[in-house]
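First residue of the sequence shown? That's -9 in our numbering, and the numbers climb one at a time after it.
Here is the structure we will look at.
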Amino acid sequence: TSMMNDFHFDLFLSSCAGLEKDGSYEQTLETMELKKLASSRSDKKFLLIDKTKFGHAYLYRTNSLSDYDFIITNAEEDVIKEYASQENVHFVNR
């Protein structure tokens, strides 16, 4: 991951293992470190997740919800409203 410090990204496009109201989560330390670093080196951050990821927290938190510019998901509207009310988060439902 130290090599990543030399990079700059216009766009960070990612998934996650789980999503809770306090952020996105990963199951492994290596994945969390890589995604956290890439995210910090990016101008825009997009999270793409399906509805099965909501309500699942794992050991490694990558980002808070407000760190993402957009969260794109197929989750139901009531679930999205519950999460969007926690922070200033922009959801796109597809």
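Virtual Cβ for every residue (Gly too), placed ideally from N, Cα, C.
Nearest-angstrom beta carbon gap, residue j and residue i [assumed within contact, 8 angstroms]
{"i": "D57", "j": "K35", "result": "6 angstroms"}
{"i": "T63", "j": "Y15", "result": "Wrong, their Cβ atoms sit about 15 angstroms apart, outside the cutoff."}
{"i": "R31", "j": "F60", "result": "Actually they are not in contact, since the Cβ atoms of R31 and F60 sit about 18 angstroms apart, beyond 8 angstroms."}
{"i": "N83", "j": "E67", "result": "7 angstroms"}
DSSP three-state assignment for residue i, whether helix, strand or coil
{"i": "E23", "result": "helix"}
{"i": "K11", "result": "coil"}
Euclidean distance between Cα positions of residue i and residue j
{"i": "K71", "j": "A65", "result": "10 angstroms"}
{"i": "L38", "j": "L19", "result": "20 angstroms"}
{"i": "K43", "j": "G13", "result": "11 angstroms"}
Cβ-based burial, residue i [other Cβ within 10 Å; buried from 16]
{"i": "S75", "result": "exposed"}
{"i": "F55", "result": "First, the amino acid is wrong: residue 55 is Leu here, not Phe. Buried: at least 16 other Cβ atoms inside 10 Å."}
{"i": "F2", "result": "buried"}
{"i": "S4", "result": "buried"}
{"i": "E22", "result": "Reading off the sequence, residue 22 comes out as Met, not Glu. Under this definition M22 is a buried residue."}
Proximity to residue i [Cα-Cα], best of the options
{"i": "V69", "options": "A7, E23, F81", "result": "F81"}
{"i": "K26", "options": "K43, G45, F(-1)", "result": "F(-1)"}
{"i": "A47", "options": "E23, D33, S29, K11", "result": "K11"}
{"i": "L24", "options": "Y73, Y50, E67", "result": "Y50"}
{"i": "L9", "options": "A28, G45, M(-7)", "result": "G45"}
{"i": "N(-5)", "options": "A7, C6, A28", "result": "A28"}
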